[in-house]
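Let me begin by presenting the structure, written as structure tokens, before commenting on it.
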Amino acid sequence: MKSQSPQSSNTLFPVFLKLEKLNVLLVGGGNVALEKLGALLGNCPEARIKLIATEISGEVRAVLSTSLIPFEERPFGQDDLQNIDLAIIAVNDPDASSAIYQQCRERKVLTNVADKPHLCDFYLSSVVQKGNLKIAISTNGKSPTVAKRVKEVLNETFPEEIEAILNNMQKIRNSLRGDFSEKVKQLNEITEILAKKGELPGEPD
1 MKSQSPQSSN
11 TLFPVFLKLE
21 KLNVLLVGGG
31 NVALEKLGAL
41 LGNCPEARIK
51 LIATEISGEV
61 RAVLSTSLIP
71 FEERPFGQDD
81 LQNIDLAIIA
91 VNDPDASSAI
101 YQQCRERKVL
111 TNVADKPHLC
121 DFYLSSVVQK
131 GNLKIAISTN
141 GKSPTVAKRV
151 KEVLNETFPE
161 EIEAILNNMQ
171 KIRNSLRGDF
181 SEKVKQLNEI
191 TEILAKKGEL
201 PGEPD
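Residue numbering for the sequence shown is 1 to 205, as defined by the UniProt record's numbering.
Pasting the structure below:
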């Protein structure tokens with residue numbers, strides 16, 4: 001049998017979700033849930049989240065209070081999946097996590113179980129954001145530590161001025177004439193010139 005190359009074994013499809021248009025269920029009320037809650041709200045303050053947990057920590061409760069997220073302090077029930085698009089499971093109980101995941105699968109709800117790659121339909125990425133530039137980093141569930149380091153490197157690479165560059169490029173794009181392929185060609189030529197002049201991040205002066 002032919003062995004897979006590292007590239008072919010990574011079949012993840014990167015996508016950016018508009019969480020303000022989706023219903024997200026977060027199960028758990030401890031430190032891991034706090035981390036997931038921070039990631040969700042950090043990327044989309046208007047995210048539509050509901051939290052269910054048998055016990056909710058003071059830190060999580062404080063975030064819920066300030067962000068007005070609905071929550072219930074009780075065990076998860078199958079009815080909690082009603083009208084849910086995404087589920088994130090952050091409970092410190094492998095058996096419970098697996099059981100909830102199976103119920104999510106039956107309801108066709110995309111699910112992420114914290115620290116259980118084999119029980120994940122998607123991963124939460126490390127994110128680099130500079131204004132409208134957003135880069136998601138994934139190690140295919142292998143090493144969040146490496147993803148964190150890559151995030152630090154990219155944060156240092158891209159200057160805060162990248163937002164001004166993006167705004168200028170949008171104005172240029174809106175002013176271009178021609179069909180889609182012609183606009184792409186012109187934009188490629190413009191960015192190539194900027195790169196040669198050292199006005200894009202990562203390029204030599």
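C-beta atoms are modelled at their ideal positions from N, C-alpha and C, and glycine is treated no differently.
Residue range of the unbroken beta strand (DSSP E) whose run includes residue i
i      : result
SER126 : 126 to 130
LEU133 : 133 to 137
ILE52  : 48 to 53
Straight-line gap, residue i to residue j (C-alpha atoms, nearest Å)
i      : j      : result
LEU34  : ILE88  : 12 Å
THR189 : LEU12  : Checking the sequence shown, residue 189 turns out to be Glu, not Thr. Each residue's alpha carbon lies about 31 Å from the other.
LYS171 : LEU17  : 25 Å
ASN167 : ASP115 : 38 Å
LEU110 : PRO45  : 21 Å
SER98  : LEU119 : 7 Å
PRO159 : THR54  : 43 Å
PRO117 : GLY38  : 20 Å
GLY202 : THR157 : Below a pLDDT of 50, predicted positions are generally treated as unreliable, and GLY202, at 48, falls in that range; the measurement from the model is reported next regardless. Their Cα atoms are separated by approximately 6 Å.
PRO204 : GLY141 : Residue confidence for PRO204 is low, a pLDDT of 42 falling below 50, so the modelled location carries little weight; the figure read from the coordinates is stated next. C-alpha separation (whole angstroms): 33 Å.
GLU163 : LEU81  : 39 Å
Residue nearest to residue i in terms of C-alpha spacing, selected from the options
i      : options                         : result
PHE122 : LEU133, ASN132 and THR139       : THR139
ALA90  : GLY30, VAL146, ALA99 and LYS148 : GLY30
GLY42  : LYS148, GLY178 and SER126       : SER126
LEU64  : PRO117, LEU40, ASP179 and GLN78 : LEU40
ALA136 : VAL15, ASN10 and SER9           : VAL15
GLU106 : LYS134, ARG149 and ILE84        : ILE84
Element boundaries [alpha helix (DSSP H), containing residue i]
i      : result
THR157 : 144 to 157
VAL24  : Careful: VAL24 lies outside any alpha helix (DSSP H), inside the beta strand (DSSP E) at 23 to 27.
LYS36  : 31 to 43
Inter-residue CB distance, residue i and residue j (contact presumed, cutoff 8 Å)
i     : j      : result
VAL27 : PHE76  : 5 Å
GLN78 : GLN103 : 5 Å
> In chain order, which beta strand (DSSP E) runs of at least 3 residues are fully inside the segment 64 to 116?
Replying inline: 71 to 73, 86 to 89 and 110 to 113
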